[in-house]
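Please read the structure below before turning to the comments.
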Amino acid sequence: HLAYILLADTIRNMLDEGVNVIILLADWHAWVNDKFDRDMDKITLAGEYMTEVFRALLGNPEEGEGSGQLRFLSASELMDSGKYWERVLRCSKNMSLSRVRRTFSIMGRHEDSSEHDLAAFYYPALQAADIFELEVDIAFGGMDQRKAHMYMRDVADKYGWTKATCIHTPMLSGLKGTGGRMDSFDHKMSKSDPGNAILLHDSPESLREKMGEAFLEIGNPDSPVFEIARHIVLPNSGSIQVNPNPEYGEPSIWGDLQSFIDAVADGSVHPLDAKMAVADGLAEALAPVSEHFADKPELLSAMDQLTNSQ
């Protein structure tokens, strides 16, 4: 869903600074987390799809092991090593079961879940081992990954391993929520609830429909509409363009979020016009994905069938 744009923006910034970036396609992690019925063929297909999504969002950057280049690596490749599993055991040795439960939000689960599922308790150790095995200097992910990253840094201190700097992107709120709940995965945008989320392949018409129903509290910068304007539209377009019905107002352009919020609050911009402006900005931000997959209809069709069957 839309949060991948935030990750792509972070990756693009690092590539521009000459960082070699690895995107880990966490196939076995998805299996542990019960994704796609734990069918590895389906999970592999999802990995192929996500590879193309990032290529689209990043404008097909140069790939390789050099400065400013991008690499894709599957967890299956990384795990094919006795050293990796030694790291998993060492990481596990430093975590109590109660602490593992507190990290379940990294899988989108509650702390009291998975009483019967031992594999889920290895998930944080797998994630920490990934970082150590890759020997990366920077680890990044959504804000919901911070508990796993904090644990990784604790383990690094114990063993004297490289302690990666961690970068976390914001978690976008669901469209119908009140926003401003970075600390709770219950309120974040999720592709499992399509009506409450912006999906990468939503059409301009669908975007307008969803944004028309999105929650917007006048004056609240954390409302989902303003949140999307802050994190997606302004960074990608540089401005928000409002085009109301000529009967009700003149077109306007807003270059910063606060002035846009103030304009909605004082009535200069109608809330519905504000929503439609954000929807149009989203359509522009998502256009590269649509264009990229126009040449890959079979992959997109296979992924649509896969997600619709869940």
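In this note's numbering, the protein residues as written are 228 to 537.
We treat Cβ as the ideally placed atom computed from N, Cα and C, and that holds for glycine.
Practice item. Report the rounded CA-to-CA distance for A352 versus D254, giving the unit in angstroms. Key: Taking the first residue of the sequence shown as position 1, residue 352 is located at position 125. Taking the first residue of the sequence shown as position 1, residue 254 is located at position 27. Their backbone Cα atoms lie some 15 Å apart in a straight line.
Review point. What residue from S301, S466, A383 has the CA that sits closest to C318's CA?
Key: The residue given as residue 318 occupies position 91 in the sequence shown. Checking every option, the nearest Cα to that of C318 belongs to A383.
Exercise for review: Would you list, in sequence order, the uninterrupted alpha helix (DSSP H) runs of no fewer than 4 residues that lie entirely inside the region 405-493?
Suggested key: 431-440, 451-455, 461-464, 484-492
Exercise for review: Identify the continuous alpha helix (DSSP H) that holds R265 and give its terminal residues.
Suggested key: Stepping through the sequence shown from its first residue, residue 265 is reached at position 38. Note, R265: premise wrong, no alpha helix (DSSP H); not H, not E.
Practice item. With a 10 Å radius around its C-beta and 16 neighbouring C-beta atoms as the bar for buried, classify L316 as buried or exposed. Key: If you number the sequence shown from 1, residue 316 lands on position 89. With fewer than 16 Cβ atoms within 10 Å of its Cβ, L316 is classed as exposed.
Point to revise | Contact under 8 Å by Cβ, R314 with F367 | key: Residue 314 sits at position 87 when you count from the first residue of the sequence shown. Residue 367 sits at position 140 when you count from the first residue of the sequence shown. Not in contact: R314 and F367 (Cβ atoms no closer than 8 Å).
Exercise for review: Less than 8 Å between the CB atoms is what I'm expecting for L242 and G295, so what's the real figure, rounded?
Suggested key: Position 15 of the sequence shown, counted from the first residue, corresponds to residue 242. Position 68 of the sequence shown, counted from the first residue, corresponds to residue 295. Contact flag correct, Cβ pair sits at about 5 Å.
Practice item. State the start and end residues of the unbroken alpha helix (DSSP H) segment that holds A501. Key: In the sequence shown, the residue the question calls residue 501 occupies position 274. Counting along the chain, the alpha helix (DSSP H) containing A501 begins and ends at 498-520.
Review point. Start and end of the beta strand (DSSP E) containing A366?
Key: Here the question's residue 366 lines up with position 139 in the sequence shown. First-last of the beta strand (DSSP E) with A366: 365-369.
Check your understanding: Do A230 and L399 have their C-beta atoms closer together than 8 Å?
Key -> Along the sequence shown, read from residue 1 onward, the residue named residue 230 stands at position 3. Along the sequence shown, read from residue 1 onward, the residue named residue 399 stands at position 172. The answer is yes: Cβ separation under 8 Å.
Check your understanding: From this set, G309, L361, P473, A347, which residue's C-alpha is nearest S301's C-alpha?
Key -> Numbered from 1 along the sequence shown, position 74 holds the residue referred to as residue 301. S301 has its Cα closest to that of L361, out of G309, L361, P473, A347.
**Study point:** Under 8 Å between C-beta atoms of V363 and A346
**Key:** Within the sequence shown, numbered from 1, the residue matching residue 363 stands at position 136. Within the sequence shown, numbered from 1, the residue matching residue 346 stands at position 119. For V363 and A346, no; Cβs fall outside 8 Å.
Exercise for review: Compare the C-alpha of H497 against each of G482, E518, V469 and name the closest.
Suggested key: By one-based count along the sequence shown, residue 497 stands at place 270. Of the candidates G482, E518, V469, the one whose C-alpha sits nearest the C-alpha of H497 is V469.
Practice item. Taking P252 as part of the beta strand (DSSP E), name the residues at either end of that continuous run. Key: Here residue 252 corresponds to residue number 25 of the sequence shown, with the count starting at 1. Reading the sequence as shown, one finds Leu at residue 252 and not Pro. Its beta strand (DSSP E) spans residues 248-252.
Exercise for review: Alpha carbon to alpha carbon, how far is G401 from H228? Give it in angstroms, no decimals.
Suggested key: Looking up residue 228 in the sequence shown gives position 1. Looking up residue 401 in the sequence shown gives position 174. If I take the Cα positions, the gap works out to 11 Å.
Review point. Given that a residue counts as buried once 16 or more other Cβ atoms are within 10 Å of its Cβ, and exposed if not, what is E183?
Key: Outside the shown range of the chain, which is 228 to 537, sits residue 183, and nothing can be said about it.
Review point. Is M438 buried or exposed, if buried means 16 or more other CB atoms sit within 10 Å of its CB?
Key: By 1-based counting over the sequence shown, the position of residue 438 is 211. It counts as buried.
Check your understanding: Quick one: is S486 buried, meaning 16 or more other Cβ sit within 10 Å of its Cβ, or exposed?
Key -> Here residue 486 refers to the residue found at position 259 of the sequence shown. S486 should be labelled exposed.
Practice item. Use the C-beta contact count for T389: other C-beta atoms within 10 angstroms, 16 or more gives buried, fewer gives exposed. Key: Taking the first residue of the sequence shown as 1, we reach residue 389 at position 162. Exposed.
**Study point:** Span separating the alpha-carbon of K523 from that of M530
**Key:** As a position in the sequence shown, residue 523 is number 296, starting the count at 1. As a position in the sequence shown, residue 530 is number 303, starting the count at 1. One C-alpha to the other measures close to 11 Å.
**Study point:** R298 - partner residues in DSSP beta bridges
**Key:** Taking the first residue of the sequence shown as 1, we reach residue 298 at position 71. Answer by DSSP bridge pairing, in chain order: I249.
Review point. For V516 versus L284, is the C-beta distance shorter than 8 Å?
Key: As a working note, residue 516 is residue 289 in the sequence shown. As a working note, residue 284 is residue 57 in the sequence shown. It is a contact, given that the beta carbons lie within the stated cut-off.
**Study point:** Bridge partner(s) assigned by DSSP for S308
**Key:** On the sequence shown, position 81 is the one that residue 308 refers to. Note: S308 sits in no beta bridge, so no partner.
Review point. Who does H395 pair with in a DSSP beta bridge?
Key: On the sequence shown, position 168 is the one that residue 395 refers to. G368, per the DSSP bridge assignment.
Point to revise | For R329, the nearest candidate out of F348, S464, D429 (CA to CA) | key: Within the sequence shown, residue 329 is the residue found at index 102, counting from 1. R329 has its Cα closest to that of F348, out of F348, S464, D429.
**Study point:** E313, DSSP secondary structure in three states
**Key:** Translated into the one-based positions of the sequence shown, residue 313 becomes position 86. Looking at E313 - three-state DSSP - the assignment turns out to be helix.
Practice item. Determine the burial state of N472: buried for a count of at least 16 other Cβ atoms within 10 Å of its Cβ, exposed for fewer. Key: Within the sequence shown, numbered from 1, the residue matching residue 472 stands at position 245. Classification of N472: exposed, given that the 10 Å Cβ count is below 16.
Check your understanding: Does the count of Cβ pairs from the region 267-285 and the region 234-251 closer than 8 Å reach three?
Key -> yes
Practice item. Can you give me the start and stop residues for the alpha helix (DSSP H) that E525 sits inside? Key: By one-based count along the sequence shown, residue 525 stands at place 298. Counting along the chain, the alpha helix (DSSP H) containing E525 begins and ends at 524-535.
Check your understanding: Among residues of its own chain, excluding the 5 on either side of L324, which ones have a beta-carbon nearer than 8 Å to its beta-carbon?
Key -> Working through the sequence shown from its first residue, we reach residue 324 at position 97. Answer for L324: F348, listed in chain order.
Exercise for review: Using only alpha-carbon positions, find the residue among R380, Q372, M379 that is nearest to H395.
Suggested key: Translated into the one-based positions of the sequence shown, residue 395 becomes position 168. Measuring from the Cα of H395, the nearest candidate turns out to be Q372.
Review point. Among all the DSSP beta bridges, which residues are the ones paired with E290?
Key: As a working note, residue 290 is residue 63 in the sequence shown. DSSP, once it has assigned bridges, lists L297 as partnering E290.
Exercise for review: Using alpha carbons as the reference points, say which of K269, V248, L527, W312 lies closest to W258.
Suggested key: Residue mapping note: residue 258 aligns to position 31 of the sequence shown, counting from 1. Comparing Cα positions, the closest option is K269.
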